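**Student:** Let me give you the structure first, and then I'll get to my questions.
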Amino acid sequence: MPELVFFSGTMDCGKSTLALQIAHNRSARGLHSVIFTREDRAGAGKLSSRLGLVTDAVEAAPELDLYAFVVEQMSRGGKVDYIIVDEAQFLLTDQIDQLARIVDDLALDVFAFGITTDFRTKLFPGSQRLIELADRIETLQVEAMCWCGARATHNARTVGGVMVVEGEQVVVGDVGGPEEVVGYEVLCRRHHRRRMTSATARAAVLSPDVLPVTSG
9 MPELVFFSGT MDCGKSTLAL QIAHNRSARG LHSVIFTRED RAGAGKLSSR LGLVTDAVEA
69 APELDLYAFV VEQMSRGGKV DYIIVDEAQF LLTDQIDQLA RIVDDLALDV FAFGITTDFR
129 TKLFPGSQRL IELADRIETL QVEAMCWCGA RATHNARTVG GVMVVEGEQV VVGDVGGPEE
189 VVGYEVLCRR HHRRRMTSAT ARAAVLSPDV LPVTSG
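Sequential numbering of the sequence shown, starting at 9, is according to our numbering.
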(Lines of atoms letter the chains of each structure in order from A; the text may use other names.)
(Lines give C-alpha, C1' and ligand atoms only; values in the text may rest on other atoms or scores of the structure.)
Protein backbone atom coordinates (compact mmCIF):
# COMPACT_ATOMS: atom_id res chain seq x y z
CA MET A 9 0.00 0.00 0.00
CA PRO A 10 1.26 3.52 -0.74
CA GLU A 11 2.32 5.53 2.31
CA LEU A 12 2.91 9.05 3.51
CA VAL A 13 6.20 8.76 5.37
CA PHE A 14 7.66 11.59 7.45
CA PHE A 15 11.43 11.44 7.99
CA SER A 16 12.20 13.82 10.83
CA GLY A 17 15.22 14.99 12.78
CA THR A 18 17.26 18.01 13.73
CA MET A 19 19.42 19.95 11.33
CA ASP A 20 22.62 18.16 10.26
CA CYS A 21 21.11 14.67 10.61
CA GLY A 22 21.18 13.87 6.88
CA LYS A 23 17.55 14.44 5.83
CA SER A 24 18.32 16.01 2.47
CA THR A 25 21.09 13.49 1.82
CA LEU A 26 18.64 10.64 2.38
CA ALA A 27 16.07 12.30 0.12
CA LEU A 28 18.67 12.51 -2.65
CA GLN A 29 19.71 8.89 -2.04
CA ILE A 30 16.12 7.66 -2.34
CA ALA A 31 15.71 9.61 -5.58
CA HIS A 32 18.96 8.18 -6.95
CA ASN A 33 18.16 4.58 -6.04
CA ARG A 34 14.67 4.68 -7.50
CA SER A 35 15.65 6.52 -10.67
CA ALA A 36 18.31 3.86 -11.27
CA ARG A 37 15.45 1.36 -11.40
CA GLY A 38 13.48 3.37 -13.92
CA LEU A 39 11.11 5.06 -11.47
CA HIS A 40 10.20 8.71 -11.91
CA SER A 41 9.59 11.24 -9.18
CA VAL A 42 8.28 14.71 -8.60
CA ILE A 43 10.52 16.46 -6.08
CA PHE A 44 9.15 19.39 -4.10
CA THR A 45 11.14 21.63 -1.79
CA ARG A 46 10.81 24.97 -0.06
CA GLU A 47 13.40 27.55 1.03
CA ASP A 48 16.38 25.31 0.22
CA ARG A 49 19.83 26.65 1.08
CA ALA A 50 20.84 26.40 -2.60
CA GLY A 51 17.99 28.62 -3.75
CA ALA A 52 14.53 28.24 -5.24
CA GLY A 53 13.83 25.05 -7.15
CA LYS A 54 16.77 23.13 -5.71
CA LEU A 55 17.17 20.21 -3.33
CA SER A 56 20.64 20.21 -1.81
CA SER A 57 22.51 18.54 1.02
CA ARG A 58 25.32 19.86 3.16
CA LEU A 59 27.58 17.29 1.49
CA GLY A 60 27.38 19.33 -1.71
CA LEU A 61 24.88 17.17 -3.62
CA VAL A 62 22.13 19.03 -5.46
CA THR A 63 19.29 18.34 -7.87
CA ASP A 64 16.48 20.30 -9.47
CA ALA A 65 13.13 20.42 -7.69
CA VAL A 66 9.78 22.19 -7.80
CA GLU A 67 9.54 25.12 -5.41
CA ALA A 68 6.48 24.50 -3.23
CA ALA A 69 5.40 28.13 -2.97
CA PRO A 70 2.43 28.82 -0.67
CA GLU A 71 0.06 29.23 -3.63
CA LEU A 72 1.04 25.90 -5.23
CA ASP A 73 -1.51 23.08 -4.98
CA LEU A 74 0.73 20.00 -4.82
CA TYR A 75 -2.05 17.56 -5.64
CA ALA A 76 -3.20 19.57 -8.68
CA PHE A 77 0.42 19.88 -9.86
CA VAL A 78 0.95 16.12 -9.81
CA VAL A 79 -2.40 15.45 -11.50
CA GLU A 80 -1.50 17.91 -14.25
CA GLN A 81 1.87 16.23 -14.80
CA MET A 82 0.19 12.83 -15.11
CA SER A 83 -2.59 14.11 -17.37
CA ARG A 84 0.05 15.42 -19.76
CA GLY A 85 1.53 11.96 -20.02
CA GLY A 86 4.28 12.46 -17.46
CA LYS A 87 5.29 9.35 -15.56
CA VAL A 88 5.11 9.82 -11.79
CA ASP A 89 5.88 6.88 -9.52
CA TYR A 90 6.50 8.61 -6.18
CA ILE A 91 6.88 12.01 -4.54
CA ILE A 92 9.75 13.47 -2.49
CA VAL A 93 9.28 16.58 -0.37
CA ASP A 94 12.23 18.22 1.37
CA GLU A 95 12.00 21.06 3.92
CA ALA A 96 8.46 19.85 4.54
CA GLN A 97 8.25 21.83 7.78
CA PHE A 98 7.86 24.99 5.70
CA LEU A 99 4.77 23.76 3.83
CA LEU A 100 1.30 25.01 4.67
CA THR A 101 -1.02 22.64 6.49
CA ASP A 102 -3.26 22.59 3.41
CA GLN A 103 -0.28 21.42 1.35
CA ILE A 104 0.32 18.57 3.79
CA ASP A 105 -3.34 17.59 3.31
CA GLN A 106 -2.66 17.61 -0.43
CA LEU A 107 0.23 15.18 0.08
CA ALA A 108 -2.10 12.83 1.93
CA ARG A 109 -4.56 13.08 -0.95
CA ILE A 110 -1.79 12.16 -3.41
CA VAL A 111 -1.25 8.96 -1.42
CA ASP A 112 -4.95 8.12 -1.05
CA ASP A 113 -6.32 9.16 -4.44
CA LEU A 114 -3.33 8.64 -6.76
CA ALA A 115 -1.80 5.65 -4.94
CA LEU A 116 1.69 7.17 -4.88
CA ASP A 117 4.25 6.96 -2.09
CA VAL A 118 5.15 10.33 -0.59
CA PHE A 119 8.44 10.70 1.29
CA ALA A 120 8.53 13.94 3.29
CA PHE A 121 11.66 15.18 5.06
CA GLY A 122 11.82 17.95 7.63
CA ILE A 123 12.66 19.16 11.10
CA THR A 124 9.91 19.06 13.69
CA THR A 125 10.53 22.12 15.87
CA ASP A 126 11.84 25.61 15.27
CA PHE A 127 14.48 27.60 17.18
CA ARG A 128 11.92 28.27 19.93
CA THR A 129 11.25 24.51 20.34
CA LYS A 130 7.76 25.03 18.86
CA LEU A 131 6.34 22.68 16.24
CA PHE A 132 6.33 23.93 12.67
CA PRO A 133 2.72 23.83 11.39
CA GLY A 134 3.76 21.65 8.45
CA SER A 135 5.54 19.18 10.72
CA GLN A 136 2.62 19.09 13.15
CA ARG A 137 0.23 18.24 10.33
CA LEU A 138 2.58 15.53 9.07
CA ILE A 139 2.69 13.99 12.54
CA GLU A 140 -1.11 14.00 12.54
CA LEU A 141 -1.50 12.46 9.07
CA ALA A 142 1.57 10.36 8.29
CA ASP A 143 1.21 6.61 7.91
CA ARG A 144 4.69 6.27 9.30
CA ILE A 145 7.18 8.56 11.08
CA GLU A 146 10.88 7.75 10.88
CA THR A 147 13.42 9.44 13.12
CA LEU A 148 16.71 9.75 11.30
CA GLN A 149 19.41 7.61 12.88
CA VAL A 150 22.38 9.84 12.01
CA GLU A 151 22.67 11.75 15.26
CA ALA A 152 23.70 15.38 15.11
CA MET A 153 25.96 16.45 17.95
CA CYS A 154 25.98 19.49 20.19
CA TRP A 155 29.28 21.34 20.58
CA CYS A 156 29.67 19.61 23.96
CA GLY A 157 29.55 16.15 22.35
CA ALA A 158 26.07 15.22 23.57
CA ARG A 159 23.27 14.24 21.19
CA ALA A 160 21.74 17.36 19.64
CA THR A 161 17.97 17.51 20.01
CA HIS A 162 17.19 21.20 19.48
CA ASN A 163 17.71 23.73 16.69
CA ALA A 164 19.04 27.14 17.73
CA ARG A 165 19.07 30.40 15.79
CA THR A 166 22.06 32.65 16.32
CA VAL A 167 22.84 36.26 15.49
CA GLY A 168 26.54 36.94 15.53
CA GLY A 169 27.02 33.66 17.39
CA VAL A 170 24.56 34.58 20.15
CA MET A 171 21.39 32.49 20.49
CA VAL A 172 18.08 34.30 20.03
CA VAL A 173 14.58 33.07 20.92
CA GLU A 174 12.44 35.73 19.27
CA GLY A 175 11.70 36.59 15.66
CA GLU A 176 10.01 35.19 12.57
CA GLN A 177 9.67 31.42 12.49
CA VAL A 178 11.30 31.13 9.05
CA VAL A 179 14.51 33.04 8.34
CA VAL A 180 17.11 31.82 5.85
CA GLY A 181 20.56 31.47 7.42
CA ASP A 182 23.60 33.53 6.56
CA VAL A 183 21.78 36.80 5.90
CA GLY A 184 22.33 40.36 7.12
CA GLY A 185 25.45 42.42 7.67
CA PRO A 186 28.67 41.23 9.33
CA GLU A 187 27.39 42.22 12.77
CA GLU A 188 23.99 40.61 12.26
CA VAL A 189 24.66 37.35 10.47
CA VAL A 190 21.83 34.88 11.09
CA GLY A 191 22.88 31.28 11.47
CA TYR A 192 21.69 28.02 12.94
CA GLU A 193 23.27 25.52 15.29
CA VAL A 194 22.11 22.24 16.81
CA LEU A 195 22.32 21.95 20.60
CA CYS A 196 21.49 19.47 23.32
CA ARG A 197 18.51 20.40 25.47
CA ARG A 198 20.68 21.54 28.37
CA HIS A 199 22.66 24.06 26.33
CA HIS A 200 19.57 25.18 24.41
CA ARG A 201 17.92 25.96 27.76
CA ARG A 202 21.03 27.83 28.84
CA ARG A 203 21.29 29.56 25.44
CA MET A 204 24.92 28.50 25.24
CA THR A 205 26.17 28.13 21.67
CA SER A 206 29.64 27.02 20.65
CA ALA A 207 30.63 30.69 20.23
CA THR A 208 29.41 31.77 23.66
CA ALA A 209 31.00 28.69 25.23
CA ARG A 210 34.37 29.62 23.71
CA ALA A 211 33.95 33.21 24.88
CA ALA A 212 33.24 32.00 28.42
CA VAL A 213 36.37 29.84 28.45
CA LEU A 214 38.50 32.74 27.26
CA SER A 215 36.96 35.29 29.61
CA PRO A 216 39.33 36.69 32.25
CA ASP A 217 36.56 36.10 34.78
CA VAL A 218 37.06 32.33 34.53
CA LEU A 219 40.80 32.16 33.92
CA PRO A 220 42.95 31.01 36.85
CA VAL A 221 44.70 33.85 38.69
CA THR A 222 48.23 33.44 39.98
CA SER A 223 49.92 35.71 42.50
CA GLY A 224 53.45 37.04 42.46
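The C-beta atom is built at its ideal place from N, Cα and C for all residues, glycine as well.
Nothing here was measured: the structure is a model prediction, and the numbers come from that model.
Is T18 helix, strand or coil when you go by DSSP?
**Tutor:** For this step, residue 18 is matched to residue 10 along the sequence shown. Here T18 sits in coil by DSSP.
**Student:** Please report the distance separating the alpha-carbon of R58 from that of D20.
**Tutor:** Position 50 of the sequence shown, counting from 1, holds the residue named residue 58. Position 12 of the sequence shown, counting from 1, holds the residue named residue 20. Cα to Cα, R58 sits roughly 8 Å from D20.
**Student:** Determine, using beta carbons only, whether T45 and A68 come nearer to each other than 8 Å.
**Tutor:** Position 37 of the sequence shown, counted from the start, is the residue given in the question as residue 45. Position 60 of the sequence shown, counted from the start, is the residue given in the question as residue 68. It is a contact, given that the beta carbons lie within the stated cut-off.
**Student:** Does R159 come out as helix, strand or coil in the three-state DSSP assignment?
**Tutor:** Position 151 of the sequence shown, counted from the start, is the residue given in the question as residue 159. Reduced to three states, the DSSP call for R159 is strand.
**Student:** T124 and L131 - do their beta-carbons sit closer together than 8 Å?
**Tutor:** As a first step, residue 131 is located in the sequence shown; it is residue number 123 there, counting from the start. As a first step, residue 124 is located in the sequence shown; it is residue number 116 there, counting from the start. Going by C-beta atoms, L131 is nearer than 8 Å to T124.
**Student:** Nearest to I92 by CA position, among L39, Q177, G51, G168, is which residue?
**Tutor:** For the purposes of this step, residue 92 is identified with residue 84 of the sequence shown, where counting begins at 1. Checked all of L39, Q177, G51, G168; the closest Cα to I92 is L39.
**Student:** Give me, in chain order, the residues of the same chain whose beta-carbon lies closer than 8 Å to that of D105; leave out the 5 immediate sequence neighbours on both sides.
**Tutor:** The count along the sequence shown starts at 1 and reaches residue 105 at position 97. Correct list, in chain order: R137, L141.
**Student:** Checking 8 Å against the spacing of the C-beta atoms, do A164 and C196 come in under that value?
**Tutor:** Translated into positions along the sequence shown, residue 164 becomes position 156. Translated into positions along the sequence shown, residue 196 becomes position 188. Their beta carbons are not under 8 Å apart, which means A164 does not touch C196 by this criterion.
**Student:** What residue range is occupied by the uninterrupted beta strand (DSSP E) comprising K54?
**Tutor:** For this step, residue 54 is matched to residue 46 along the sequence shown. It spans 54–56 - the beta strand (DSSP E) in which K54 sits, taken as one unbroken run.
**Student:** Just grab the DSSP bridge partners of T63 for me.
**Tutor:** Within the sequence shown, the letter at position 55 stands for residue 63. DSSP lists L55 as partners of T63.
**Student:** When DSSP labels each residue in this structure, what does Q177 get in the three-state scheme?
**Tutor:** The count along the sequence shown starts at 1 and reaches residue 177 at position 169. Note: Q177 maps to coil in three-state DSSP.
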